[in-house]
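**Student:** Dropping a structure here in structure tokens format, bear with me for questions.
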Amino acid sequence: MEISLIVAVAAFAFITSVTPGPNNIMLLASGAQYGYMKTLPHMLGIVIGMAMLLFSVLIGLGALFTLYPALYSVLNVAGGAYLIWLAYKIATAPTDEINVRSDDRHGPIRWWESALFQFINPKAWMMSLGSVSTFSVPGDLYIQSGALIMLAFALLGFPAISIWAGAGAKIRIWLNTPTRRRQFNWIMGGLTVATLMLILEI
1 MEISLIVAVA AFAFITSVTP GPNNIMLLAS GAQYGYMKTL PHMLGIVIGM AMLLFSVLIG
61 LGALFTLYPA LYSVLNVAGG AYLIWLAYKI ATAPTDEINV RSDDRHGPIR WWESALFQFI
121 NPKAWMMSLG SVSTFSVPGD LYIQSGALIM LAFALLGFPA ISIWAGAGAK IRIWLNTPTR
181 RRQFNWIMGG LTVATLMLIL EI
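1 is the number of the first residue of the sequence shown in full-length UniProt numbering; add one for each residue after it.
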């Protein structure tokens, strides 16, 4: 494969991973609420979920959207509804004690929850469909180019989303009162809904 393809895939993976979206807004909120270390499972789940989604698209799942365009509308509705629910959970997260236990029902999102969320995350689908349709090479190099895409998102996606979780952890120092934490939670909940509207062009 040409170096230009590798560079293009790497740039696409990092830029689409680091730009605002549902995952990154939730990581910012989680980093601020629970700290970077407790947000690690959430980040790992995103990477695992993206790998699973990319693999599914590479083996042909993405073609279903071409054959049955209505499926994309179903995905948008399901993903949007779940995202609104997550935004509500973020906005109403407890503010009396910032160090909530990770096994508490109000704790950070578990790795498997964030992994499965990618399958109804509109931005994750756009990233997967866009990368596979643009950068996969037909013929003998299809498997290699597909592996390159998955590897790029795994290696560059994690540090990209870590920026958001790390920024949230830094913000934590200012969230030293219940009032500030409540205001922050509402802002993060609102931004989560806003990213959905931008993605779906509502």
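Using N, Cα and C, we set each Cβ at its ideal position, and we do this for glycine too.
Determine the contact status of residue 23 and residue 161, defining contact as a CB-CB distance below 8 Å.
**Tutor:** Yes. Within cutoff.
**Student:** Quick one: what does DSSP say residue 2 is sitting in, helix, strand or coil?
**Tutor:** Correct three-state label for residue 2: coil.
**Student:** Please classify residue 176: does DSSP put it in a helix, a strand, or coil?
**Tutor:** Here residue 176 sits in coil by DSSP.
**Student:** Candidates 13, 12, 41: which alpha carbon is nearest residue 26's?
**Tutor:** Answer by Cα proximity: 41.
**Student:** Which runs of the alpha helix (DSSP H) at least 4 residues long sit entirely within the region 100–156? Give them in chain order.
**Tutor:** For the region 100–156, whole alpha helix (DSSP H) runs of length 4 or above, ordered along the chain, are 111–117, 122–135.
**Student:** Out of 43, 188, 73, 35, point me to the one whose CA is closest to residue 122's CA.
**Tutor:** The shortest Cα separation from residue 122 among 43, 188, 73, 35 belongs to 73.
**Student:** Taking the alpha helix (DSSP H) that residue 69 falls in, what are its first and last residues?
**Tutor:** Counting along the chain, residue 69 falls outside any alpha helix (DSSP H), and DSSP gives it neither H nor E.
**Student:** Please look up how many angstroms separate the CB atoms of residue 147 and residue 51, rounded, as I've assumed it's under 8 Å.
**Tutor:** Wrong, their Cβ atoms sit about 11 Å apart, outside the cutoff.
**Student:** Using the C-alpha atoms, what's the distance from residue 115 back to residue 48?
**Tutor:** So the alpha carbons of these two residues sit roughly 6 Å apart.
**Student:** Quick test of your reading: residue 32 and residue 158, contact by CB under 8 Å. State the CB separation rounded to the nearest angstrom.
**Tutor:** Incorrect: roughly 19 Å between the Cβ atoms, too far for contact.
**Student:** Look at the alpha carbon of residue 141 and the alpha carbon of residue 187, and state the distance between them as a whole number of angstroms.
**Tutor:** Near 46 Å, if we compare the C-alpha coordinates of residue 187 and residue 141.
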